[in-house]
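Residue numbers (mature numbering (1 follows the signal peptide of the UniProt record, and there is no 0)): -23 to -1, 1 to 762.
The beta carbon of each residue, even a glycine, is placed where N, CA and C say it ideally should be.
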C-alpha cells in the first residue's frame, strides 16, 4: 500500500512459555496431573521444550480462542520480542527482536521468514493468512539456518493448520459485534485411521471504523470483508507413512486504508498533526484516474491460492525421511489516497502478483548418543510490484509548489481550512479557461525472480547425561534477477514528469541478475542442571539476501539507461544464553541475546539529483548495527481452575552511532522496535457441574514508544500504549455449546498504527489510527466424536 516499508504476521505462547516448532501437550507422569510438559520436534526429534537449546514460543488454536484475538497482529502483543503491524492484509510488517521485515519490493528478500505448513510464504504481499482452525502458531527467535528450508535471517514464524483425524466431528461459530462485525466459521472432519478429510472456513465482515466524508466513496475506511477456506486430506496407509495434502484459498475485499494527512484538513476545525487520525477523514481517490488506478473506490482486492503436499516415512531404526512441497500464488490490487486529503493530488494503486514453488527433502536420525538431520531444499519465486499514479495536473502542481512555499498561483491553497480544495481551479486559470481539468497518469514496475538451492546438516552429540553439543550449517546458492520499467509522460502544464525525479523508460524493461552463495552455521550447547531446569547457549549466523536493485537514470548524454545498484548481503551473528524451567505448577524462561549486524539494509526515500522526491523507496546499506535484549516469561498454575501468565521483553538496539551512511541514521532505533514490551493475565476455567463450565481470560498488554521511520522522528512515532482485553463465557453439555463475549482495547485508547508513509516523502506525512474498542458475542455448537 505504501511503497516504503509495508507491514504485518503472528504468534504467541502456549502459556507464554517457550514452546515448540511442532508441539503437543502430554501430562508428565512424575508431576501433578494439573501440570503439563511440552513435547517439541523443532530439532526434528521429540524433546521436552526445556531440552531445546533455542528460544521458541508457540500458541495452540485453543489458546488463540482463549485470548480472544482474531488476527496475528493482536496475537503478537502476547509474545516478548514480537511485534506485528497489519496496515492492511496486503501490507503486513513483522518484527522479531526489533528487526522488521515488510518491504513490498519484488527485488528484496525478507528478514523474518513466515511459514505456512512448512513452506516459506514470506513475500510481503502474499504472506497474510487468516488464523482460523489452526493447530498452532509458532515463533523461533534468532537465525535458524539448518531448521528451515530457506533459512531465516533473524527468526521464523510458522502457521500449522489443524489436520484431519479419524472419526466424525464438526463445529460452527457465529458472531456479532459493534461496527456491524459479523463472523461465520467452522469445520467438518470425517474419516478413518487410513483416510481422513477436513474442510474449514471463516467469513469475517465489518464496517470501517474511520468515517469517510467523501460522498464518492461507497464504504468507510478500514471496512473488512474477507473469506478463507481450507481443504485437507490425510492418508496413512501404514504406521510408517503419513501423507498430507492441503489446499487453501483466501480472499479480501476490504475498504481503503485511512492515510489521514496531518497537514491538509478534512473539515473545518480539524486539530492538525497526528490528532487528525482520530477524526473523520475525507479521502476521495481520483475517479477520473480510475482507468489507470484500476478502480474509483479505495480498497483492497486480493486472492491467494496455496497447495501443500507433505509426506513423512519412518524406515529402519530411528530413521525418518520427510518431504515438504508447496505452491503458492497471489494477486492483489489496492487503491489508496497517499496525500490523505480530498485533493486529487497523490492518488496511487499497487498491483502485486507472485507465484512460488518449494521442495525440501530431509533425513533425520535419532539415536541414543547421536542425533542428526541432513537434506536439501529448492525454492523459486517470481513477482512484480506495479505502482500506477494518477492526479489532476493543476491540482498537483499547486499543491506541490505550495508545500515548498512557492505556490504556482499565489493565494490559492491546496486544501482550504474547511476541507474544500481550491487547487482544483488552478488548471482553468493556468489555461485561461481552455481546460477545467487535465488528468495525468504514470506507472512504474519492479520485478524479481529468485532461485535458491541449499544443502544442510545438523548433528547433536550427547556428550554426557547432562551435556548436549550441536553443530550444523546450510550451504546456500541463489540466483537473483531484477527488472524495472516505467511509463512517465510529460505533463501538459509543466512539460515534464509531474513527480520530480521520475524517469521514463518508455515501457522498456531494464534487467540484471547475479548469483550469490553463503555458508550459515549454528552452534548450540545445553546443560541439564536437573530434570526440571536447563541452561543453554547459542551462536548462529543469519543472512538477508543481497539486492540487485534495478531502476533507471539519465546519463551525461541525456539518454535513459539502466541504473543498477548492488546492495551487499546483510549478515547477523546472534549470541544467546538462557535458562528454562518447568517444575510442578510453575514454568518459565529467562534469556539474554546480543546481535551484531553488518551491511544493515534500510528502506529510504529516493530523491533525484536535486533532492526532490520521486515517490518511491529504495534499499541502502546503513552499515553496522547491534541489538541487546532480555526476555522473560512465566506461567503459574495456581489451582486446577486458575492460572496466571506474564512476560516482559527489553531491547536496546539500533544503527551504530559511527555509521557512515548518513548522519541522520546514526544511533537511530530500528523501525517498529519498542524498548519495553510486556503482557500479563490469568485464565479461569471452572466447572459448574452438569457438563457446564465458566471460562474467562482477561489480559493487559504494554508497549513503549516506537518509531515508524528511520531516521527517527518524534512526529512519526507512537508513545507508550497499554491495552486491556478479555474473553469470557459459559459452555454447556460437555462443551457441545458455548456462548462467549469478547472485548479488545476495552478503554478505547487512541493510538497510531503507522505514520509517515508515502505522503511523508512529499513533506506531508499521513497518520493511520489503530483499532478502537471492539466487542461482541459469539455462539458455537460442536458435534460428532
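Per DSSP, reduced to three states, the secondary structure at residue 485 is coil, with no helix or strand assignment. Under the three-pair Cβ rule at 8 angstroms, the stretch 72 to 90 does not count as touching the stretch 738 to 757. The beta-bridge partner set that DSSP reports for residue 733 consists of 743. Comparing alpha carbon positions, the residue from 292, 666, 204 closest to residue 163 is 204. Taking a contact as a CB-CB distance under 8 angstroms, the pair residue 670 and residue 676 does not count as one, their CB atoms being some 19 angstroms apart. Taking residue 151 as the centre and dropping the five residues before and after it, the same chain places the C-beta of 161, 756 closer than 6 angstroms to its C-beta, in chain order. Within the model, the alpha-carbon separation for residue 705 versus residue 751 is close to 14 angstroms. The C-beta of residue 527 has 16 or more other C-beta atoms within 10 Å across all chains shown, which makes the residue buried. Distance from the Cα of residue 287 is smallest, within the candidate group 276, 325, 304, for 304.
Apart from sequence neighbours up to five positions away, the residues of its chain that approach residue 720 with a beta-carbon distance below 6 angstroms are 703, 752, ordered along the chain. Distance from the Cα of residue 159 is smallest, within the candidate group 177, 200, 340, for 200. Judged by DSSP in its simplified three-state form, residue 401 adopts helix. Look at residue 333 here: in three-state DSSP terms it is strand. Taking a C-beta distance under 7 angstroms as the contact criterion, residue 255 and residue 697 do not qualify as a contact pair. Looking from the CA of residue 170, the closest CA among 192, 141, 178 belongs to 141. By the Cβ-count criterion, residue 467 is exposed, with fewer than 16 other Cβ atoms from all chains shown falling within 10 Å of its own Cβ. C-alpha of residue 476 to C-alpha of residue 373: approximately 9 angstroms in a straight line. Residue 243 carries a coil assignment under DSSP once its states are collapsed to helix, strand and coil.
By the Cβ rule, the stretch 545 to 561 does not count as touching the stretch 451 to 459, because fewer than three pairs are nearer than 8 angstroms. By DSSP's assignment, residue 62 forms a beta bridge with 70. Around the beta carbon of residue 312, a 10 Å sphere encloses 16 or more other beta carbons of the protein chains shown; the residue is thus reported as buried.
Around the CB of residue 323, 16 or more other CB atoms lie within 10 Å, so the residue is classed as buried. Straight across, the Cα-Cα distance linking residue 385 with residue 400 is about 10 angstroms. Exclusion of the five residues before and after residue 253 leaves 237, 239, 247 as the residues of its chain whose Cβ lies within less than 6 angstroms of its Cβ. Within the same chain, Cβ atoms closer than 6 angstroms to the Cβ of residue 398 are found at 319, 320, 392, the five residues on either side in sequence being excluded.
Counting along the chain, the unbroken alpha helix (DSSP H) around residue 41 starts and ends at 38 to 44. Per DSSP, reduced to three states, the secondary structure at residue 123 is coil, with no helix or strand assignment. Between the stretch 405 to 422 and the stretch 331 to 342 there are fewer than three inter-stretch CB-CB distances shorter than 8 angstroms, so the stretches are not counted as touching. Secondary structure note for residue 371: its alpha helix (DSSP H) is the uninterrupted segment 370 to 380. Contact between the stretch 261 to 270 and the stretch 207 to 225 is not established, with fewer than three Cβ pairs separated by less than 8 angstroms.
One alpha carbon belongs to residue 453, the other to residue 494, and they sit about 5 angstroms apart.
The Cβ-Cβ distance between residue 614 and residue 541 does not fall below 7 angstroms. In this structure, the beta-carbon distance from residue 60 to residue 649 falls below 7 angstroms. If only complete runs of 4 or more residues are kept, the stretch 514 to 545 shows no alpha helix (DSSP H) anywhere.
Ranked by Cα distance from residue 438, the options 428, 387, 504, 489 are led by 504. In the pairwise beta carbon analysis, the stretch 29 to 49 is classified as touching the stretch 93 to 111: at least three pairs are separated by under 8 angstroms.
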